[in-house]
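Chains as they are written, first to last, in my numbering: chain C, 19 to 160; chain E, 153 to 514.
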């Protein structure tokens, strides 16, 4: 019998010990949508994680409104942890953008990937808004 | 190699196996599928006498297993078994679990058993965990250790009783990869499984069990592609589809999403596919159909996966006045419609028996 380890196991899952335990993965799934505030270099950064869909879109808007309260700087939405967005999420983004416009400010995006990037492209949001590949690129430019 | 003739197993008045006849040849990988309660695990457990058959014969390499004069323990050593619940000894380290059988039953010297055990652990990708205890391992790791333990006894055939059913979906692939490798190495195996794509990909023969017998058997292509008997057809169709009923405008979207995720994992669909199915259904159901339903919502969703052409088919049936969202001129430019048209390769509308039907593909 060939006792070499199956390449599928090593390639797909990495050496033993590097995989995260089940409990952490379960905890991650339970966080449906989370927004964390961070200011860097005079730019207000909001890191969005999880899903912005029909269920979470209004909470997303409220959370961004809380973050923007009293702030007078551009908003960078760090979407590196955003797994999913639907048209409900896009509508919320339009509401946020409109609100910032009244103050002469704009919203920017970074870290789009996967489903989220596809939805931005399909909807044309990639032509309406300025999108950066990474947070660093965004902070250098803004 | 193994010949089963008129095998029956009753539990009191309950007849689980009625008349099972089967030949297992060396090198075969036999997948056993079927609905719950049809005797799949019982058949496996009868083969190595974890269950005592009520009647019938089991001949292993010319020796009748059920003959009172047969050295059952010796014969059993040649049949390895991997259980759904791993069954590792929690008080022994991983390497000790693997060494136990060879040392105690095969009288192998400890050093030789250790060396062989480490080779097997390396093969299943767990050499680093040799001195860990089972409680320190994930489910997938435990099952891989269980497989290594079984192989340490150098069995002629390995029986797998739903080896991945107790595992988190994220761990199933690692165990199936090891089983796939054993198949490539020529190990004779009989696997009771609900992982249909795996059964189709790795087995040389598929047994569909129902009514206490092997209801239908054939190659994977025959059973999954052209099942001949009605119950087989119904079963194969069912595992390839996911159905969901919506009867309220406030339905639980995440319950639907969870069902899609579970279905998709069984079909080994990619994360991207799963998210796209969820997106199409959210856009269509929430933004288009439910709004038109009024107070009485009546929508049925069927998601199907066709392996032949790697396509996902969605059939959505909904009550109410005739309405085709894709022909709704007012809605053509809205974001939902843009997303739907881009993700779908087909969107056909029918009106049948007072119901609307959308047939979509992606």
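For each residue, glycine too, the CB sits at the ideal point set by N, CA and C.
Report the neighbours of residue i on chain C: residues whose CB is nearer than 8 Å to its CB, in chain order.
i	result
residue 354 of chain E	Here the premise fails: no neighbours, minimum Cβ distance about 12 Å.
residue 258 of chain E	Ordered by position in chain C, no residue passes the 8 Å Cβ test against residue 258 of chain E, which lies about 16 Å from the chain.
residue 491 of chain E	104, 105, 137, 140, 141
residue 431 of chain E	102, 104, 133, 137
Residue i and residue j: beta carbons closer than 7 Å?
i	j	result
residue 208 of chain E	residue 160 of chain E	yes
residue 125 of chain C	residue 140 of chain C	no
residue 358 of chain E	residue 192 of chain E	no
residue 229 of chain E	residue 341 of chain E	no
residue 133 of chain E	residue 364 of chain E	Chain E is shown only over 153 to 514; residue 133 of chain E falls outside these bounds and no answer can be derived.
residue 253 of chain E	residue 310 of chain E	no
residue 397 of chain E	residue 452 of chain E	yes
residue 71 of chain C	residue 104 of chain C	yes
residue 301 of chain E	residue 250 of chain E	yes
residue 438 of chain E	residue 400 of chain E	no
residue 360 of chain E	residue 368 of chain E	yes
residue 332 of chain E	residue 297 of chain E	no
residue 507 of chain E	residue 473 of chain E	no
residue 94 of chain C	residue 156 of chain C	yes
residue 427 of chain E	residue 133 of chain C	yes
residue 350 of chain E	residue 328 of chain E	yes
residue 79 of chain C	residue 57 of chain C	no
residue 195 of chain E	residue 212 of chain E	no
residue 505 of chain E	residue 475 of chain E	no
residue 236 of chain E	residue 314 of chain E	yes
residue 325 of chain E	residue 287 of chain E	no
residue 498 of chain E	residue 513 of chain E	yes
Please return the same chain residues whose Cβ sits closer than 6 Å to the Cβ of residue i, not counting the five positions on each side in sequence.
i	result
residue 362 of chain E	186, 190, 383
residue 96 of chain C	63, 65, 128, 129, 153
residue 162 of chain E	206
residue 509 of chain E	469, 502
residue 303 of chain E	272
residue 53 of chain C	64, 66, 81
List, in chain order, every chain C residue whose beta-carbon is nearer than 7 Å to that of residue i.
i	result
residue 435 of chain E	104, 105
residue 159 of chain E	The premise fails here: residue 159 of chain E is roughly 30 Å from chain C at the closest Cβ pair, so nothing lies under 7 Å.
residue 439 of chain E	105
residue 454 of chain E	Near residue 454 of chain E there are no residues of chain C at all, since even the closest Cβ is about 21 Å away, more than 7 Å.
residue 494 of chain E	140
Tell me which residues share the same chain as residue i and place their Cβ nearer than 7 Å to its Cβ, disregarding the 5 neighbours each side in the sequence.
i	result
residue 352 of chain E	372, 376
residue 299 of chain E	234, 276, 330
residue 47 of chain C	Low local confidence applies: a pLDDT of 44 at residue 47 of chain C is under 50, so the model's placement there is unreliable, and no value is given.
residue 434 of chain E	405
residue 374 of chain E	none
On the DSSP bridge list, what partners appear for residue i?
i	result
residue 56 of chain C	C:63
residue 507 of chain E	E:504
residue 161 of chain E	E:169
residue 216 of chain E	E:211
residue 89 of chain C	According to DSSP, which records beta bridges pairwise, residue 89 of chain C is partnered with nothing at all.
residue 464 of chain E	E:457
residue 126 of chain C	C:94
residue 155 of chain E	E:175, E:211
residue 105 of chain C	Note: residue 105 of chain C sits in no beta bridge, so no partner.
residue 513 of chain E	E:465, E:498
So, at 8 Å on beta carbons, what are the nonlocal neighbours of residue i in its own chain, with the 5 sequence-adjacent residues on each side left out?
i	result
residue 247 of chain E	266, 269, 270, 273, 282, 283
Can you pull the chain E residues whose beta carbon is under 8 Å from the beta carbon of residue i, in chain order?
i	result
residue 71 of chain C	405, 434
Using the beta-carbon of each residue, which ones in chain E are nearer than 9 Å to residue i?
i	result
residue 132 of chain C	423, 424, 427
What does residue i reach in chain E if we use C-beta pairs closer than 7 Å?
i	result
residue 157 of chain C	Under the 7 Å cutoff, chain E gives no residues; its nearest Cβ is about 29 Å from residue 157 of chain C.
residue 108 of chain C	487
Could you list the residues in the segment 136 to 151 of chain C with a C-beta less than 7 Å from some C-beta on chain E, going in chain order? Listed by position, the residues of the segment 136 to 151 of chain C near chain E (Cβ gap below 7 Å) are 137, 140, 141.
Chain E contacts from the segment 76 to 101 of chain C (Cβ-Cβ distance under 8 Å): Those residues of the segment 76 to 101 of chain C that come within reach of chain E (Cβ to Cβ, closer than 8 Å) are 101.
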